[in-house]
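Below is one structure, written out as C-alpha coordinates, with a few remarks after it.
Structural data, given as C-alpha coordinates:
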(Lines of atoms letter the chains of each structure in order from A and count residues from 1; the text may use other names and numbers.)
(Lines give C-alpha, C1' and ligand atoms only; values in the text may rest on other atoms or scores of the structure.)
Protein backbone atom coordinates (compact mmCIF):
# COMPACT_ATOMS: atom_id res chain seq x y z
CA UNK A 1 0.00 0.00 0.00
CA UNK A 2 1.14 3.53 -0.71
CA UNK A 3 0.10 6.14 1.79
CA UNK A 4 -0.47 9.51 0.17
CA UNK A 5 -1.18 12.59 2.23
CA UNK A 6 -3.32 15.26 0.66
CA UNK A 7 -1.79 18.54 1.85
CA UNK A 8 -4.99 20.53 1.35
CA UNK A 9 -7.26 18.22 3.33
CA UNK A 10 -4.65 16.59 5.61
CA UNK A 11 -6.18 13.20 4.87
CA UNK A 12 -4.51 9.97 4.02
CA UNK A 13 -5.61 7.86 1.08
CA UNK A 14 -4.35 4.36 0.44
CA UNK A 15 -3.89 3.11 -3.10
CA UNK A 16 -2.34 -0.02 -4.46
CA UNK A 17 0.99 0.51 -6.27
CA UNK A 18 1.39 -0.78 -9.82
CA UNK A 19 2.54 -4.41 -10.08
CA UNK A 20 6.07 -3.50 -11.18
CA UNK A 21 6.67 -1.42 -8.03
CA UNK A 22 5.44 -4.02 -5.57
CA UNK A 23 8.02 -5.92 -3.59
CA UNK A 24 7.89 -9.68 -4.07
CA UNK A 25 6.40 -11.73 -1.29
CA UNK A 26 9.46 -13.95 -1.33
CA UNK A 27 12.63 -11.99 -2.22
CA UNK A 28 14.51 -15.03 -3.56
CA UNK A 29 11.66 -16.00 -5.90
CA UNK A 30 12.22 -14.98 -9.52
CA UNK A 31 9.19 -15.52 -11.75
CA UNK A 32 9.78 -17.08 -15.15
CA UNK A 33 8.22 -15.89 -18.37
CA UNK A 34 5.82 -18.55 -19.63
CA UNK A 35 5.70 -19.96 -23.12
CA UNK A 36 2.03 -20.65 -23.68
CA UNK A 37 -0.33 -21.42 -26.49
CA UNK A 38 -0.69 -24.50 -28.64
CA UNK A 39 0.52 -22.82 -31.82
CA UNK A 40 3.57 -21.32 -30.14
CA UNK A 41 4.59 -24.62 -28.54
CA UNK A 42 4.05 -26.56 -31.78
CA UNK A 43 6.16 -24.01 -33.67
CA UNK A 44 9.02 -24.45 -31.19
CA UNK A 45 8.67 -28.25 -31.40
CA UNK A 46 8.76 -28.22 -35.22
CA UNK A 47 11.30 -25.49 -35.96
CA UNK A 48 13.36 -25.31 -32.77
CA UNK A 49 16.95 -26.34 -32.34
CA UNK A 50 17.54 -29.34 -30.09
CA UNK A 51 19.60 -29.73 -26.91
CA UNK A 52 19.72 -33.18 -25.29
CA UNK A 53 20.69 -34.23 -21.80
CA UNK A 54 20.15 -37.36 -19.71
CA UNK A 55 17.40 -35.81 -17.52
CA UNK A 56 15.60 -33.61 -20.02
CA UNK A 57 15.89 -32.39 -23.57
CA UNK A 58 14.98 -28.96 -24.84
CA UNK A 59 13.95 -27.28 -28.05
CA UNK A 60 14.48 -23.57 -28.47
CA UNK A 61 14.12 -20.68 -30.88
CA UNK A 62 15.94 -17.37 -30.44
CA UNK A 63 13.78 -14.32 -29.83
CA UNK A 64 10.47 -13.70 -28.13
CA UNK A 65 7.16 -15.34 -29.07
CA UNK A 66 5.07 -13.70 -31.77
CA UNK A 67 1.99 -13.48 -29.56
CA UNK A 68 3.44 -11.13 -26.91
CA UNK A 69 1.75 -7.76 -26.67
CA UNK A 70 4.51 -6.03 -24.75
CA UNK A 71 8.08 -6.80 -25.78
CA UNK A 72 9.92 -8.65 -23.03
CA UNK A 73 13.51 -9.74 -22.76
CA UNK A 74 14.18 -13.04 -21.11
CA UNK A 75 13.68 -16.74 -21.37
CA UNK A 76 10.14 -17.88 -22.18
CA UNK A 77 9.86 -21.40 -20.75
CA UNK A 78 7.23 -24.03 -21.49
CA UNK A 79 7.12 -27.73 -20.69
CA UNK A 80 5.75 -30.70 -22.62
CA UNK A 81 5.31 -34.03 -20.85
CA UNK A 82 3.40 -36.57 -22.96
CA UNK A 83 1.09 -39.07 -21.30
CA UNK A 84 3.19 -41.88 -22.77
CA UNK A 85 6.02 -40.89 -20.39
CA UNK A 86 4.09 -41.89 -17.26
CA UNK A 87 0.46 -42.84 -16.75
CA UNK A 88 0.21 -40.85 -13.51
CA UNK A 89 -0.57 -37.16 -13.98
CA UNK A 90 0.89 -36.47 -10.54
CA UNK A 91 4.28 -37.83 -11.61
CA UNK A 92 4.16 -35.99 -14.94
CA UNK A 93 3.40 -32.72 -13.15
CA UNK A 94 6.21 -33.38 -10.68
CA UNK A 95 8.66 -33.85 -13.58
CA UNK A 96 7.41 -30.62 -15.11
CA UNK A 97 7.71 -28.66 -11.85
CA UNK A 98 11.16 -30.02 -10.98
CA UNK A 99 12.62 -29.08 -14.37
CA UNK A 100 11.05 -25.62 -14.28
CA UNK A 101 12.28 -25.04 -10.71
CA UNK A 102 15.82 -26.09 -11.66
CA UNK A 103 15.78 -23.50 -14.46
CA UNK A 104 14.36 -20.85 -12.12
CA UNK A 105 17.02 -21.37 -9.44
CA UNK A 106 19.86 -21.20 -11.99
CA UNK A 107 18.45 -17.97 -13.43
CA UNK A 108 18.01 -16.58 -9.90
CA UNK A 109 21.68 -17.29 -9.16
CA UNK A 110 22.70 -14.96 -11.98
CA UNK A 111 23.26 -17.12 -15.04
CA UNK A 112 23.23 -15.10 -18.29
CA UNK A 113 19.81 -15.34 -19.89
CA UNK A 114 19.29 -14.79 -23.62
CA UNK A 115 15.93 -13.86 -25.12
CA UNK A 116 14.62 -17.17 -26.40
CA UNK A 117 11.64 -19.50 -26.44
CA UNK A 118 12.51 -22.70 -24.60
CA UNK A 119 10.44 -25.86 -24.49
CA UNK A 120 11.55 -28.39 -21.86
CA UNK A 121 10.86 -32.07 -22.48
CA UNK A 122 11.57 -33.96 -19.21
CA UNK A 123 12.63 -37.59 -19.30
CA UNK A 124 11.40 -40.15 -16.78
CA UNK A 125 14.81 -40.06 -15.04
CA UNK A 126 14.12 -36.46 -13.95
CA UNK A 127 11.50 -37.71 -11.49
CA UNK A 128 13.96 -39.48 -9.16
CA UNK A 129 17.19 -37.66 -9.97
CA UNK A 130 18.81 -35.56 -7.23
CA UNK A 131 17.95 -31.89 -7.59
CA UNK A 132 21.62 -30.75 -7.90
CA UNK A 133 21.90 -32.94 -11.01
CA UNK A 134 18.85 -31.23 -12.50
CA UNK A 135 20.44 -27.86 -11.71
CA UNK A 136 23.70 -28.92 -13.37
CA UNK A 137 21.74 -29.90 -16.50
CA UNK A 138 19.89 -26.57 -16.45
CA UNK A 139 23.19 -24.72 -16.11
CA UNK A 140 24.62 -26.63 -19.09
CA UNK A 141 21.52 -25.82 -21.14
CA UNK A 142 21.72 -22.10 -20.30
CA UNK A 143 25.42 -22.09 -21.19
CA UNK A 144 24.67 -23.65 -24.57
CA UNK A 145 21.83 -21.17 -25.12
CA UNK A 146 23.95 -18.14 -24.25
CA UNK A 147 26.64 -19.29 -26.70
CA UNK A 148 24.13 -19.96 -29.50
CA UNK A 149 22.10 -16.77 -29.08
CA UNK A 150 24.03 -14.19 -27.02
CA UNK A 151 22.07 -11.64 -25.01
CA UNK A 152 21.31 -8.61 -27.17
CA UNK A 153 21.65 -5.03 -26.06
CA UNK A 154 18.58 -3.09 -24.99
CA UNK A 155 17.17 -1.13 -27.96
CA UNK A 156 16.09 1.71 -25.67
CA UNK A 157 19.68 2.34 -24.59
CA UNK A 158 21.24 2.38 -28.07
CA UNK A 159 21.22 5.59 -30.09
CA UNK A 160 21.64 4.45 -33.67
CA UNK A 161 19.99 7.31 -35.54
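Residue numbers (the working numbering): 22 to 182. Here a beta-carbon is modelled for each residue, glycine too, at the ideal position from N, C-alpha and C.
query: C-beta contact flag for residue 140 and residue 74 at 8 Å; result: no
query: Status (buried if at least 16 other CB within 10 Å, exposed otherwise) for residue 111; result: exposed
query: Collapsed DSSP secondary structure at residue 85 in the structure displayed; result: coil
query: Chain-order list of residues whose beta-carbon lies under 6 Å from that of residue 162 (same chain, five-residue window excluded); result: 72, 79
query: Contact set for residue 132: own chain, Cβ-Cβ below 7 Å, skip 5 residues either direction; result: 160, 163
query: Rounded straight-line distance, which links the Cα of residue 119 to that of residue 148; result: 8 Å
query: Distance, residue 94 Cα to residue 22 Cα; result: Any reading at residue 22 must be qualified, since the residue scores a pLDDT of 44, below 50, and its modelled position is unreliable; the value itself is stated next. Each residue's Cα considered, the two are about 28 Å apart.
query: Sub-8 Å separation of residue 97 and residue 143 beta-carbons; result: no
query: Backbone secondary structure at residue 136 - three-state DSSP; result: coil
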